[in-house]
Each structure stands twice: as C-alpha cells, then as structure tokens.
Amino acid sequence: MSYLVDQYGYYGEFGGAYVPEILHKCVEDLQKEYLKVIESEAFQSEYRALLRDYVGRPSPLYYASRLSEKYGAKIYLKREDLNHTGAHKINNTVGQILIARHMGKKRIIAETGAGQHGVATATVCALMNMECVVYMGATDVKRQHINVEKMKMLGATVVPVESGNKTLKDATNEAIRDWCCHPADTFYIIGSTVGPHPYPDMVARLQSVISEEIKWQLQEKIGRDYPDYLMACVGGGSNAGGTIYHYIDDERVKIVLSEAGGLGVETGKTAATIALGKVGILHGAKSYVIQSEDGQIEEPYSISAGLDYPGIGPMHANMAAKARATVLSVNDDEAIAAAYELTRLEGIIPALESAHALGALPKMQFKPEDIVVLTVSGRGDKDIETYLNYYKK
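Per this note's numbering, the sequence shown runs over residues 32 to 424.
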C-alpha cells in the first residue's frame, strides 16, 4: 500500500476532481499533460536550472544546536525561508508556470492567504512575461500588506475579496469563479496540495525537491538518508507535502504535522481541520472540512493567514485517517512563543506558519539520539507587525 496518489486521483477515500462542467476540459487536459511534462527531459532541465540559479537551491539543512539542547534531540531545520521570495512557495510556482507555458496559457490566476504564494506567482509571471491576477481575502490584504505591495510592484493585479471571512477560503472561491469565466486562456496556479486532481499530486511533486534534498543532506551530515521524525506545519499542506514526499511510504520515519489551533480547538475560533473536520467536498476535492451539522462550511480562524483554511489536502487527510501522521493542534499563543524562542535561540525569525511547526516541539517526547528534521517553510518578515502587536494587547 502506498500513501501517494492512485491512478484515479485519490489518496485512499480522499481526493478526486469535483468541478463545474465548464472546467471539466481544463482539469482533464491538465490530468493528461502534467506527468508527461514534469517527467520530460526538457522540463526537468529548465526547472532544475531555475531552482538552482533563480530560487537559490539547495536550501540548507541547518543543525540547530541550542534548540536541540532544549528539546533533547538532534534537530535539523530545513531552511525554505532562504529561498528567493522567502518561502517554499516558489518551488511550486516555477514548475507550474512552465507547465502553463507548455499548455499555451497566457493568463495566470492564483489565490493567496499569507501572500507568499501570491508573491511567488507574481514573481514567476514577471519572469515569464505573463499576465497575473491574485485573489486575496480583504482581511489578509490588511494583515499582509507588505506582500500585497510586493505583488503590485511585480506587476500583478491584486483583487481583495470581501465575501465570507475575507480570508483564504474566500480568495480560493473567487479564483475558481474567475477560472470558470476564462477557461480557455487561463491557468490557475494553486498554491497548496488542495483542489481537484491533479493539483494535490502536482504541487506535492513540485515541492518534493525539499525531501529529495533532505535525503542527500542527511547522508552527508550523519551517514544515513532518513530522520526519525519529520515535522512541518499544515494548512492546505504544500510544505508538508514536499517535506514528506520521498519518505511517505518509509515507516521508519515518523511524520508530525501541526495545524492551526487558533484560540483553541474547543473555542470555535480555530482552523484545526483534522481535529474537527468531517468528510466533505471543498474546492474540487473530497477531504476533511470544518463544517456545521447540515454541511455548511464553518469560518476558520488562525493568527496565521497561511493556515486560516477550513480544509486540508487529501494526502494529509488520508495520512491522518490511516494514522500514518500524527497531527497536533498548535494555538496562536503557542506559535508566537515558539517563534520568539527560535529567534532568541538560533537567530532565525520564522513565518507564523512555520512557528506552528516549532510550536509542536514542546508537545513531543524525544530520545537524545533521535534525528528530527523540521521545515521552516518561510521567513517572518511579513509577520513582524503581528508578532509585535500580539504582545501589545
């Protein structure tokens, strides 16, 4: 049994492609083309060159000695925060825009929460001279205004979304509406392992460069190519998908994912999908969704704009259902404390999303010989005001 996607686009019972009829051909065309493109020599040559020379890969695997001493294990940080644009998101957008160009698409749309995927999409659109429209919840536009200005500077049109909770779910809704209106010339670059098949698999494959590097970097550093634990934050699940991709079927490796507890799972102000979700359809895929008794999607809450989502990628839903991954809820205050701790112990200011992965460390029981790899998915520049304002309350 594999935890990777099957030939029908499912991870166990999760996944699939539930899309409006008008998008059926777009999604079907992508299903037919994406593997052929990704596995082609021409794509791999251009993609790898851009990752190396433009993104700045490989990203370092850093031994965090003071963090290791505190938590009683050997903790290595996978430094995706050091990529061009400041997060893992660029790995995916570089790959998807090459696929879009191959398919003859001229116009790119995207959704964004924390703004990192929006910036990464606007960046590659500038690089490839393509029109770019980014949908972003109005709440997130305010709390991530630096990223909004970056997108505009890169030439993207940023559309604030005023519906619903004005966050990531609502931005995704609007992006899908746009796609329905412009199916012929538009390519939707989804930023996470969500959406209809093949997006969860495509994004995970493009992010799998993370675990590919972890393997040879560990071999160099400790003489074996696998850790005892892999840890990452999970909203939709792209950095987590990339972190675990080459280890997902290796049972020697324990997988620990952190979701956004918000003010607490029991408070109703949370984005802890695995803890609270029920099986449903959201944005074209079957997964766990936070929903009311009559199936209405509940508004999520997290201090982190990138984790403020009422669903989760089908890959992660399946791993949780089959107990392949341990999923922990990390509340706002725990994430903030973890961010300050990493900053003071290692001189690294993490993104709020990454701080949720770090916030799981106090909940773990490690042995001194355990090798732990934790992905720092992004840097904290965009969140400085939130960090500072949190302690002004």
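In this text, a Cβ means the ideal position worked out from N, Cα and C, and glycines have one as well. All figures in this text were calculated on a predicted structure; none of them were measured in a lab.
- Message: Beta-carbon within less than 6 angstroms of I286's beta-carbon, same chain only, minus the 5 sequence neighbours each way: which residues are those?
- Response: L261, I275 and A356
- By how many angstroms is the C-alpha of A391 removed from the C-alpha of N196? 27 angstroms
- R83 in three-state terms, based on DSSP: helix
- Query: Which partner residues of R110 appear in the DSSP bridge assignment?
  - Reply: V407
- On the DSSP bridge assignment, give the partners of T274 in chain order. None; T274 has no bridge partner.
- When you compare each of V407, G409, A366 and V172 to Y418 by their alpha carbons, which one comes out closest? A366
- Query: Do V234 and G266 come within 9 angstroms of each other at the CB atom, strictly closer than that value?
  - Reply: no
- Message: Using the three-state DSSP reduction, which class does P191 fall into: helix, strand or coil?
- Response: strand
- Can you name the start and end residues of the alpha helix (DSSP H) that G126 belongs to? K120 to H133
- Pull up the DSSP beta-bridge partners for K285, would you. Y260.
- State the Cα-Cα distance for the pair Q327 and T304, rounded to the nearest angstrom. 14 angstroms
- Query: Can you tell me where the alpha helix (DSSP H) with M420 in it begins and where it stops?
  - Reply: In the sequence as presented, Met is not what sits at residue 420; that position holds Asn. Segment I415 to Y421, the alpha helix (DSSP H) holding N420.
- Query: Do you know whose CA, among A354, H55, K353 and A316, lies nearest P341's CA?
  - Reply: With distances taken between Cα atoms, P341 lies closest to A316.
- Message: Can you list, in chain order, the residues of its chain with a C-beta nearer than 6 angstroms to that of D171? Leave out the 5 residues immediately preceding and following it.
- Response: G144, T198 and A336
- Item | Start-to-end residues for the beta strand (DSSP E) that takes in K246 | Where K246 is concerned, there is no enclosing beta strand (DSSP E), although the alpha helix (DSSP H) it sits in stretches over V240 to I253.
- Message: Quick check on P399: buried or exposed, where buried means 16 or more other Cβ atoms within 10 Å of its Cβ?
- Response: exposed
- Query: On the three-state DSSP scale, how would you describe G149?
  - Reply: If DSSP states are grouped into helix, strand and coil, G149 belongs with the helices.
- Query: Between Y422 and C57, what straight-line distance do the alpha-carbon atoms span, to the nearest angstrom?
  - Reply: When the Cα atoms are used, Y422 and C57 turn out to be separated by approximately 47 angstroms.
- Message: Within a Cβ cutoff of 7 angstroms, which residues of the same chain sit near H55, ignoring the five residues on either side of it in sequence?
- Response: For H55, where only same-chain residues beyond five positions count, there are no Cβ hits under 7 angstroms.
- Message: Going by beta-carbon coordinates alone, are W247 and D256 separated by less than 9 angstroms?
- Response: yes
- Kindly give me the distance between the Cβ atoms of Y102 and F397, rounded to whole angstroms, as I take these residues to be in contact under 8 angstroms. 6 angstroms
- Task: Please say whether V155 and I121 have beta carbons closer to each other than 9 angstroms?
- Result: yes
- Check whether the Cβ atoms of Q62 and A48 sit closer than 9 angstroms, and answer yes or no. yes
- Message: So, for G311: in the same chain, excluding its five sequence neighbours on each side, which residues have a beta-carbon less than 7 angstroms away from its beta-carbon?
- Response: V320, Q322 and G326
- Spatial distance of S385 from G168 (CA atoms): 21 angstroms
- R432 by DSSP, collapsed to three states: which one? There is no way to answer for residue 432, as the model of the chain reaches only from 32 to 424.
- Task: Note the first and the last residue of the continuous beta strand (DSSP E) segment covering T217.
- Result: T217 to Y219
- Task: Report the residue from K67, N420, V407 and I128 whose alpha carbon sits nearest the alpha carbon of D447.
- Result: This structure cannot settle anything about residue 447, because the visible part of the chain is limited to 32 through 424.
- Message: Considering Cα atoms alone, identify which of L185, I279 and E251 is closest to L35.
- Response: I279
- Taking C-beta to C-beta, are I140 and Y65 nearer than 9 angstroms? no
- Item | Check whether M182 and A202 have beta carbons under 9 angstroms apart | no
- the region 371-385 touching the region 105-120, judged by at least three CB pairs closer than 8 angstroms: Contact between the region 371-385 and the region 105-120 is present, because at least three Cβ pairs lie under 8 angstroms.
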